[in-house]
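In my numbering, the protein residues as written are 10 to 355. The beta carbon of each residue, even a glycine, is placed where N, CA and C say it ideally should be. On a predicted model such as this, the values are computed, not experimentally measured, just so you know.
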Amino acid sequence: METVVISTVGKEDAGTVMGAELIRNGELVAFPTETVYGLGANGLDGEAVNRIFAAKGRPNDNPLILHIAKKSDVKDLWAHVPKIANTLMDTFWPGPLTLIFNKADCVPYEVTAGLETVAIRMPQDKTARTLIQKAGVPIAAPSANRSGRPSPTTARHVLDDMDGRIPLILDGGPCRYGVESTVLSLVGEPTILRPGAVTREMLEAVIGPVQLAPSILKPLGEREVAASPGMKYRHYAPDAEVYVIEGDPKPVAKRIRTLYYDLEAEGKRTAILGTEQTMPSYRNLNAYSLGDREEPETLCANLFVLLRDTGAENDVILAEGIPTENTGLAFMNRLLRAAGFRRETV
Ligand code: TXA
Ligand code: MG
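What follows is the structure, given as C-alpha cells:
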C-alpha cells in the first residue's frame, strides 16, 4: 500500500475530504492533534477498529479513545453524562483531556477492549476536528506509532513507523503539547490514569480532590490490576537504553558527566538529554537540551522528538529528571517509562 502525505499547514481543510471518505470506508487515516498524531478509524465500526490494532501491532486488551468534534456528541456514546463531566467539558474541551465513563450500547467492544467504559476526547486541533466533522462518526484513535515506540509528534515520525501500512497521513506540522492527553476516569472517584497537559492542579481547582493512579511513577506491581490497561506495557521506548538521573541540577550534571565518560570508555555511543540550566556543563559532549527546567511544558514538547532522534543513533541516553509538580508529572511519567524505570537520585 502506498502511503500519501498531505500537508494541512495553513489550509486546515486540505486532505480532510479524502480522509473522511477513507474513514467512512473503514480505512485508517493518521492525523495531527494538539497532543500527538493519532491513527484514526471509524469508532462505530469494530472491523475498522481492528485494523488499527493490526497496523500498530497493539495488544488487543488496550482500549482506544473516541475523538469527537462537538461536546454534545458524548451523550450518544456514554450511558449518561454525569454532572462533573459537564463541568470538565466546559472548562477543558476542546483540549488535551480524555474522560472515561460507562459506555452506551453503540460503542463496539473493539474500541473498549471488552470494557464497559469508554474514553472520549474532543481535540482542539483544527484539522482533527474538521476530519471528525466531515467523517460524521466518532474517530477511534491511539497515538500513530508502532506499539511500544515513542508517540509521533510530527508527520515524519508517523511515516517512519507506518509507511506502507496506511493510505493517508495528514501533516499539520509539529504538535503543540508533544505528550498525550490527560486520561481522567470518572467511574468512581475522579482518578488520573495518565497525566498530561491538563494537570492534577488544574483539575482540582475545578472539581476538588483528584486521585492519581499508583502506576503513574512506578512500574505496576505484579498483582496490581492496571486501572488503565495501557499502563502495563513497555512504552515510549527508543532504540537506545535510557537512564534517568534526578536531583539538583549541579550534582545531576556532575553525575551525568561521569557516567558519560565511563560509557564512552566502554565504547558505547552515548547522548545526554540535558536542560538549559545544565547545558554549559556538557560542552563538547553529545548533549541536547530539552528546554528550561522551569518550563516543563517545553520539556514535554521536546521529549519524544529527542528520544526518537538520539535513540536511533546511540546505545545509551542519559536524561535529566525534574520535579513532578504540574506538567512535570506528565514529563516524568513518559521519561520513566521510556527508561523502563532505570533511575538514580543524586
Ligand atoms: O492525546 C491522546 O490521547 C492521543 C491523541 C491521538 O488523541 N491518543 C492516545 O491514545 O494517546 P493511546 O491509545 O495511545 O492511549 C490511550 C490510553 C491508553 O493508556 C488506554 O489504556 C487508556 O487511554 N484507555 C482508553 N480507554 C480506556 C478505558 N475505557 N479505561 C481505562 N483506560 C482506557
Ligand atoms: Mg499510545
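Residue i beta carbon near the ligand TXA (any heavy atom closer than 8 Å)
| i | result |
| --- | --- |
| glutamate 189 | yes |
| leucine 124 | yes |
| valine 127 | yes |
| serine 194 | yes |
Cross-strand partners of residue i (DSSP beta bridge)
| i | result |
| --- | --- |
| arginine 130 | His76 |
| glycine 49 | Val38 |
| valine 13 | Leu177 |
| threonine 191 | Leu106 |
| glutamate 250 | Val325 |
| tyrosine 270 | Its beta-bridge partners do not exist; DSSP assigns none. |
| alanine 348 | Paired residues: none, contrary to the question. |
| leucine 282 | Tyr297 and Ala328 |
| arginine 203 | Val192 |
| lysine 112 | Trp87 |
Beta-carbon proximity list for residue i, same chain, < 6 Å, skipping 5 on both sides
| i | result |
| --- | --- |
| arginine 351 | Tyr252 |
Rounded C-alpha distance that separates residue i from residue j
| i | j | result |
| --- | --- | --- |
| alanine 39 | valine 207 | 23 Å |
| arginine 138 | methionine 10 | 26 Å |
| aspartate 248 | serine 160 | 14 Å |
| lysine 79 | proline 103 | 8 Å |
| glycine 330 | tyrosine 291 | 16 Å |
| proline 228 | alanine 122 | 22 Å |
| valine 5 | arginine 278 | Lying before the first or after the last residue shown, residue 5 is absent from the chain, which here runs from 10 to 355. |
The ligand MG heavy atom lying under 8 Å from the CB of residue i
| i | result |
| --- | --- |
| proline 151 | yes |
| asparagine 323 | no |
| asparagine 154 | yes |
| serine 290 | no |
| serine 16 | no |
Sequence-distant residues of the same chain with beta carbon closer than 8 Å to residue i, five excluded per side
| i | result |
| --- | --- |
| threonine 191 | Pro105, Leu106, Thr107, Ile201, Arg203, Pro204, Gly205, Ala206, Val207, Thr208, Leu212 and Ala339 |
| methionine 288 | Ala296 and Ser298 |
| threonine 307 | Leu299, Gly300 and Asp301 |
Proximity test, Cβ basis, 9 Å: residue i and chain D
| i | result |
| --- | --- |
| isoleucine 32 | Here there is only one protein chain, and chain D is not present. |
Nearest-angstrom Cβ-Cβ length linking residue i and residue j, presumed shorter than 8 Å
| i | j | result |
| --- | --- | --- |
| proline 72 | leucine 124 | 6 Å |
| valine 314 | threonine 162 | 6 Å |
| isoleucine 178 | proline 199 | Actually they do not touch by this definition, with Cβ atoms about 35 Å apart. |
| glycine 55 | proline 117 | 4 Å |
| alanine 310 | leucine 282 | Actually they do not touch by this definition, with Cβ atoms about 13 Å apart. |
| glycine 60 | proline 151 | A small fix is needed here, since residue 60 is arginine in this sequence, not glycine. About 12 Å separates the two Cβ atoms, so there is no contact after all. |
Neighbourhood of residue i by C-beta distance below 7 Å, restricted to the same chain and skipping five residues each side
| i | result |
| --- | --- |
| glutamate 21 | Lys135, Thr136 and Thr139 |
| glutamine 133 | Glu43, Pro103 and Gly104 |
| asparagine 111 | Trp87, Ala88, Glu125, Thr126 and Val196 |
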